[in-house]
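Below you'll find the structure, written out as structure tokens, and then a few comments.
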Amino acid sequence: MPTPIVAIVGRVNVGKSTLLNRLAGKRLAVVGDLPGITRDRVFAPVSWHGKDLTLVDTGGWQAKPGTSLDEMVKQQVEVAISQADAIIFLTDARGGLIPADEEIADLLRATNKPVVLAINKVDSARQTNLATDFYQLGINTSIAISAYHNRGMDELMSAVIGALPPSAPSLVEPEKVKLAIVGRPNVGKSTLLNALLRSERAVVHEAPGTTRDALDAMLHWKNKGILLIDTAGIRRRGRVGVGVDYYSLLRALQAINRCDVTLLLIDASEFITAQDMHIAGYIIEVGKGMVLVINKWDLVPRERRKEIKAYIEHRSGFMSYVPILYISAKLGQNTNRVLPRAWQVWQERQKRLADGVVDMAVKQAVNSYPPPHMGSRQLRIGRAYQDERRPAAFVLQVNDPRLVHFSYQRYLENKLRQKFGFRGSPLRLIFTRAKRKDDRKAKTVRA
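Start counting the sequence shown at 2; every next residue gets the next number (this note's numbering).
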């Protein structure tokens, strides 16, 4: 099922970025006391009690922007609202109810989308009365929270999950690989799409997907079924105006959430931008397969290609397991290698390993390099096996998950990848506390 997108919306300086960081469990958005710090989009995958969501932080909405930058922020907020499946409307209990809150409530009410009112900065039970005035906004579900002090988060997220519309059943057969072409605007997504659809022996027909406003395309390639997810112009939309970059980003997030493998397209003439890395980081966090496709390679002078390849490989070193292709979609150079490589990544994701094989590989890695002590304690592993529900995910039962150091986790990931491959897919290690019986067994094996 596609992962729902939840937008955090409110006026300036109500704590939207603080809430995103709190729910994501790490500092992703810049926070501060000055209004208007968040001017661009920040997004994060969040799993709450087994439910996967994508949270999108937004800038402060203003009914009458004072500058051209404020106008752009306003348009980005409205794009985020239009693309969201549900909305967290954040207000400031200390600042009290003001006309700007009422204007936002009117805007959200007109969308007919699920809205949960979160009244922020209610830092203790004694301050609950500060939330009373906000009930007149007419939002059915309202919850007093403190993002800074971590109050009311469970209640808030339970309300958000409960407000989400039911997921539409997928119309795509599970054996079909779902492939999404994603990237910033003007990197050549539509051109690559057209090149793939003209592939030899390709038969294309429109297939209804689960997006609200577009059709996907089913490609039959070498007797294999590939669903091309609509981010690259299979069906053209109207102009979006100033918010086109933001719209493109949200469409990319939706496509990534739905797909098995992503083709992350990058413009060779612009090297790799921070936005490219943000999108790559999101793909990794949600555990999707990836092929890095460097497009417009024909525009790079031959004498500089070696230098630029070295730069790209260095910049993308944190995902060295991801295959890289250098192509020209416009000229058709190397485009015949795209589908075979994407199919290989998908096949790698289908690997299912016996529990004993995984357990033995982890024990061998531990014996070769035991983890360091953390004070007087040491991490120990009782059992390791592949997670049946998630591709390229492994469960390790340990004496205390808090003893897992990120460097040792990276070591185990590298050992598992050397042993089992999973080319193009991020490995996810899930450390759970072993039961007492398993924990006693763990004492004989270091990890």
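Beta carbons: idealized from backbone N, C-alpha and C, even for Gly.
On the premise that residue j lies in contact with residue i, defined as a C-beta separation below 8 Å, what is that separation, rounded to the nearest angstrom?
| i | j | result |
| --- | --- | --- |
| Gly-422 | Val-346 | Not confirmed; about 11 Å, so no contact. |
| Leu-430 | Leu-397 | 6 Å |
| Val-78 | Thr-59 | 5 Å |
| Lys-17 | Ile-162 | Actually they do not touch by this definition, with Cβ atoms about 19 Å apart. |
| Leu-165 | Ala-343 | Contact doesn't hold; Cβ gap of about 30 Å is too wide. |
| Val-339 | Leu-197 | 6 Å |
| Ser-270 | Leu-300 | 5 Å |
| Ile-89 | Thr-112 | Ile-89 to Thr-112, Cβ: 13 Å. No contact. |
| Tyr-149 | Thr-19 | 6 Å |
| Ala-132 | Ala-85 | About 23 Å; that fails the 8 Å criterion. |
| Arg-458 | Ile-273 | Outside the displayed range of the chain (2 to 448) lies residue 458, so it cannot be described from this structure. |
| Leu-404 | Leu-417 | That belief does not hold up - the Cβ atoms of Leu-404 and Leu-417 are roughly 19 Å apart, past 8 Å. |
| Asn-151 | Arg-23 | 6 Å |
| Val-47 | Ala-25 | 6 Å |
Got a sec? Which residues, its chain only, sit under 6 Å from residue i by beta carbon, not counting five neighbours each side?
| i | result |
| --- | --- |
| Tyr-409 | Pro-372 |
| Ala-106 | Leu-138 |
| Ala-64 | Glu-104 |
| Ile-227 | Val-178, Leu-180 and Leu-220 |
| His-406 | none |
Within 10 Å of its beta-carbon, does residue i have 16 or more other beta-carbons around it, so buried, or fewer, so exposed?
| i | result |
| --- | --- |
| Gln-458 | Given a span of 2 to 448 for the chain in the structure shown, any question on residue 458 remains unanswerable. |
| Lys-122 | buried |
| Gly-139 | exposed |
| Ala-87 | buried |
| Phe-135 | buried |
| Pro-167 | exposed |
| Thr-336 | buried |
| Asp-388 | exposed |
| Ser-171 | Low confidence applies to Ser-171: its pLDDT is 46, below 50, so where it sits in the model is not reliable, and the reading given next is rough at best. Ser-171 should be labelled exposed. |
| Gln-255 | buried |
| Gly-318 | exposed |
| Gly-383 | buried |
| Lys-75 | buried |
| Ala-275 | exposed |
| Ala-366 | buried |
| Phe-432 | buried |
| Ala-385 | buried |
| Leu-70 | exposed |
| Thr-451 | Outside the modelled stretch of the chain, which goes from 2 to 448, sits residue 451, for which no answer is possible. |
| Ser-125 | exposed |
| Gly-61 | buried |
| Arg-259 | buried |
Please decide whether residue i counts as near chain D, where near means a Cβ-Cβ distance under 9 Å.
| i | result |
| --- | --- |
| Ala-362 | In the structure shown, chain D cannot be found, because there is only a single protein chain. |
Please work out which residues of its chain come closer than 8 Å, Cβ to Cβ, to residue i, disregarding the five sequence neighbours upstream and downstream, and give them in chain order.
| i | result |
| --- | --- |
| Ile-144 | Val-117, Leu-118, Ala-119, Ile-120, Gly-153, Glu-156, Leu-157 and Ala-160 |
| Asp-401 | Arg-378, Leu-380 and Arg-434 |
| Leu-193 | Ile-182, Ala-233, Leu-264, Leu-266, Val-294, Asn-296, Ile-328, Ala-330, Thr-336 and Val-339 |
| Ser-351 | The question names Ser, but residue 351 is Gln in the sequence shown. Hits under 8 Å: Pro-392. |
| Gly-333 | Ala-196 |
| Gly-288 | Arg-391, Pro-392, Ala-393, Ala-394, Ser-426, Pro-427 and Arg-429 |
| Ile-309 | Ala-269, Phe-272 and Val-301 |
Could you pull out every residue in the same chain whose Cβ sits closer than 7 Å to the Cβ of residue i, ignoring the five residues on either side in sequence?
| i | result |
| --- | --- |
| Ile-284 | Ile-257, Thr-263, Leu-265 and Met-291 |
| Glu-349 | Gly-422, Phe-423, Arg-424, Gly-425 and Ser-426 |
| Tyr-252 | Per the sequence shown, the amino acid found at residue 252 is Arg instead of Tyr. Only Thr-232 meet the Cβ criterion. |
| Thr-129 | Val-123 and Ala-145 |
| Val-188 | Leu-266, Ile-267, Asp-268 and Asn-296 |
| Gly-97 | Asp-134 |
| Lys-114 | Ala-85, Ala-87 and Ile-88 |
| Leu-354 | Gln-387 and Phe-421 |
| Tyr-370 | Tyr-412 |
| Glu-414 | Leu-428 and Leu-430 |
| Tyr-312 | Phe-272 |
| Lys-307 | none |
Contact the region 350-361 vs the region 307-325: 3+ CB pairs below 8 Å: No, the region 350-361 is not in contact with the region 307-325.
Taking 8 Å as the cut-off, does the region 85-105 touch the region 8-22 (at least 3 CB pairs, one atom from each stretch)? Contact holds: three or more Cβ-Cβ distances are below 8 Å.
Within the region 358-437, ranges of the beta strand (DSSP E) (whole runs, at least 3 residues): Qualifying beta strand (DSSP E) stretches, in chain order: 382-387, 394-399 and 429-434.
My parser needs the beta strand (DSSP E) runs of 3 or more residues fully inside the region 74-134; what are they? The qualifying runs are 87-93 and 116-121.
Uninterrupted alpha helix (DSSP H) stretches inside the region 271-346 (no shorter than 4 residues): Listed in chain order, the complete alpha helix (DSSP H) runs (minimum 4 residues) inside the region 271-346 are 275-286 and 303-316.
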